[in-house]
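Have a look at the structure below before the remarks.
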Amino acid sequence: MTALSPTAYAPGRLSRLGRFLANGTIGTLLCTGPVTAVIALGWLTRRSGHLARDRFGTAAEAPGWLLGPRELQGRETGRITRAVGGLAANIRTGLIALTALLAWTLPFTLLWLGAWWAGWENSFNKGYEQAFVGPSVYFLGVFLAALILPALPLMLAHLASEDRLSAAFELRRLRSLIAQAGWRIPALSFLVTLFTFPFAAARGLITTATDWAPQLENMTPDQIAEIKGWIALALAALAFFTVWITRSLATRIYARAAPRAAGLKPGLWDGTQASEAAEPARPASRLLTTLWYGLGMGITLALSFLILAGQFLDHAWWRWLFHPALTLPWAG
Numbered sequence: 008m009t010a011l012s013p014t015a016y017a018p019g020r021l022s023r024l025g026r027f028l029a030n031g032t033i034g035t036l037l038c039t040g041p042v043t044a045v046i047a048l049g050w051l052t053r054r055s056g057h058l059a060r061d062r063f064g065t066a067a068e069a070p071g072w073l074l075g076p077r078e079l080q081g082r083e084t085g086r087i088t089r090a091v092g093g094l095a096a097n098i099r100t101g102l103i104a105l106t107a108l109l110a111w112t113l114p115f116t117l118l119w120l121g122a123w124w125a126g127w128e129n130s131f132n133k134g135y136e137q138a139f140v141g142p143s144v145y146f147l148g149v150f151l152a153a154l155i156l157p158a159l160p161l162m163l164a165h166l167a168s169e170d171r172l173s174a175a176f177e178l179r180r181l182r183s184l185i186a187q188a189g190w191r192i193p194a195l196s197f198l199v200t201l202f203t204f205p206f207a208a209a210r211g212l213i214t215t216a217t218d219w220a221p222q223l224e225n226m227t228p229d230q231i232a233e234i235k236g237w238i239a240l241a242l243a244a245l246a247f248f249t250v251w252i253t254r255s256l257a258t259r260i261y262a263r264a265a266p267r268a269a270g271l272k273p274g275l276w277d278g279t280q281a282s283e284a285a286e287p288a289r290p291a292s293r294l295l296t297t298l299w300y301g302l303g304m305g306i307t308l309a310l311s312f313l314i315l316a317g318q319f320l321d322h323a324w325w326r327w328l329f330h331p332a333l334t335l336p337w338a339g
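Quick note on the working numbering: the sequence shown kicks off at 8 and runs consecutively.
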C-alpha cells in the first residue's frame, strides 16, 4: 500500500481554516452592534448545541449563518426554509439565550447599576452621610454574582443542547452537572475572568488616550471617527472570539459531565439529549463539589472587580447589563 503524502490532507485543513476565517469575520461584523449581536449569540449557541449532540451521537447538520438544513425530520426542506432558515434559527436561538442569560444575571447586574447610580447621585448632592449605600448595594451584587457565575457556562451549554428556554432553569439537572464537572468549574471561571481583563484594560486605555497619545488632540473629527471605528471592530472581534472559545470549552465540559450525570440519575435526565449517551458514574464527593464551586466563586470576585474598574472609567450604563462576559457578545 502506498503511503499517503503529508499534502493529502491539505484540502481538509484549508477548508477548515477557510470556514474558521469566514465564521470569525461574519461574527465580528455582527458583534459591532447590539441587535446583530443577537444573531451571533444565536449562532454560537446553536454551534454549542451541535457540538454537544455530536458527542452524544444525536447531531444533525451543522448550523449556518443564513442557510437552513437540507433535510428536517427526514424530509427535504422547502426553498424558503433552505434560503433563510439558518438566519431565522439564529435569531430565535439568540433571543432564547439572551432571555436566559438576562434572567440569571439581572439580579446582580441591576444591583451594580443601582450602586453606580447611587454613587454618582450621592457625589453630586454631597450626601456623604449616605455614602455607604452605593458600596453596600454593589457588594450585595458581588455576592449574588459569585453564587451564579460559576454555573452560568454549564447552564448555557445545557440550554444549547436541549434547544429550549426552560432548560436554563432546570436547577436539579444543573446541580448534578456541577457535581460531575468538579475542578473544571473553577478552571472555566478562571478562563472567563482572564478574558474579561482586556475589556477593562481597553476602557482604561480609551479613557486615558490623550495622556499617553497626546497627538490625538490634533486630529480632525474624521480621523478620530476612523480610529473609533477600528477600536469598535477590534473589540467586536475580541467579544466574538472570547465567547466562541469559552462556550466551546464549556460545551466540552458539559458533554463529559452530562452523560455521567444521566448515568448516575437516569430518572432525572430522562428525555434529554444527554440521556442518549448516559454512562456509569460514581457519585461525586459533596465536600469536593463544594470546595471546587467555592473556588470558582472566589475567582469570580476578580471578574466583578474588573467589570467595576472598566465601568468606573467608562460610565456607559448599558454595559452593566450587557457586558460581553455576562450576556451579549457586544463590547458597546
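Here a beta-carbon is modelled for each residue, glycine too, at the ideal position from N, C-alpha and C.
Could you have a look at residue i and say whether DSSP puts it in helix, strand or coil?
{"i": "Gly211", "result": "helix"}
{"i": "Leu178", "result": "helix"}
{"i": "Leu73", "result": "coil"}
{"i": "Trp219", "result": "helix"}
{"i": "Ser173", "result": "helix"}
{"i": "Leu328", "result": "coil"}
{"i": "Thr32", "result": "helix"}
{"i": "Arg99", "result": "helix"}
{"i": "Ser292", "result": "coil"}
Measure how close the beta-carbons of residue i and residue j come, nearest whole angstrom, since I'm counting them as under 8 angstroms.
{"i": "Leu120", "j": "Trp324", "result": "6 angstroms"}
{"i": "Pro157", "j": "Gly303", "result": "3 angstroms"}
{"i": "Thr227", "j": "Leu313", "result": "Incorrect: roughly 34 angstroms between the Cβ atoms, too far for contact."}
{"i": "Thr112", "j": "Thr334", "result": "6 angstroms"}
{"i": "Ser168", "j": "Ala281", "result": "7 angstroms"}
{"i": "Leu74", "j": "Gly49", "result": "In fact, because the Cβ distance is near 14 angstroms, the residues do not count as touching under 8 angstroms."}
{"i": "Leu161", "j": "Leu181", "result": "6 angstroms"}
Cutting at 6 angstroms between CB atoms, please list the residues of its own chain near residue i, excluding the five before and the five after it.
{"i": "Arg53", "result": "Pro70 and Thr100"}
{"i": "Leu328", "result": "Thr116"}
{"i": "Ala262", "result": "Ala59 and Arg62"}
{"i": "Ala244", "result": "Thr35"}
{"i": "Gly33", "result": "At residue 33 the sequence reads Ile, which differs from the Gly that was named. Excluding residues within five positions, the ones whose Cβ falls inside 6 angstroms are Trp72."}
{"i": "Thr14", "result": "The pLDDT assigned to Thr14 is 43, lower than 50, so where the model puts this residue is not dependable; a value taken from the coordinates is nonetheless given after this. So the list is empty, once near-sequence residues are dropped."}
Excluding sequence positions up to five away, which residues of its chain have a Cβ less than 7 angstroms from the Cβ of residue i?
{"i": "Gly317", "result": "Phe206, Ala207 and Arg210"}
{"i": "Ala152", "result": "Phe115, Thr307 and Ser311"}
{"i": "Glu286", "result": "Pro266, Arg267 and Gly270"}
{"i": "Leu147", "result": "Leu118"}
Going along the chain, which residues of its own chain have a beta-carbon closer than 8 angstroms to the beta-carbon of residue i, five neighbours each way excluded?
{"i": "Leu2", "result": "The requested residue 2 is not part of the displayed model; the chain covers only 8 to 339."}
{"i": "Ile238", "result": "Ala209 and Ile213"}
{"i": "Arg179", "result": "Leu275"}
Return the residue from the list the options that minimises the CA-CA distance to residue i.
{"i": "Ser143", "options": "Pro160, Ala122 and Leu295", "result": "Ala122"}
{"i": "Ala188", "options": "Arg86, Gly141, Ser292 and Phe247", "result": "Ser292"}
{"i": "Asp341", "options": "Arg326, Thr279 and Ala44", "result": "Since the displayed the chain opens at 8 and closes at 339, residue 341 lies outside it and no answer follows."}
{"i": "Ala284", "options": "Ile87, Lys272 and Gly305", "result": "Lys272"}
{"i": "Ser196", "options": "Gly19, Gly305 and Leu172", "result": "Gly305"}
{"i": "Leu320", "options": "Ala216, Gln230, Leu147 and Leu159", "result": "Ala216"}
{"i": "Ile260", "options": "Leu102, Ala194 and Tyr145", "result": "Ala194"}
Original post:
Going along the chain, which unbroken runs of the alpha helix (DSSP H) with 4 or more residues stay wholly within the region 35 to 61?
Top reply: Fully enclosed alpha helix (DSSP H) runs of 4 or longer: not present.
Original post:
Mind pulling the beta strand (DSSP E) runs of 3 or more residues that sit fully within the region 238 to 287?
Top reply: none
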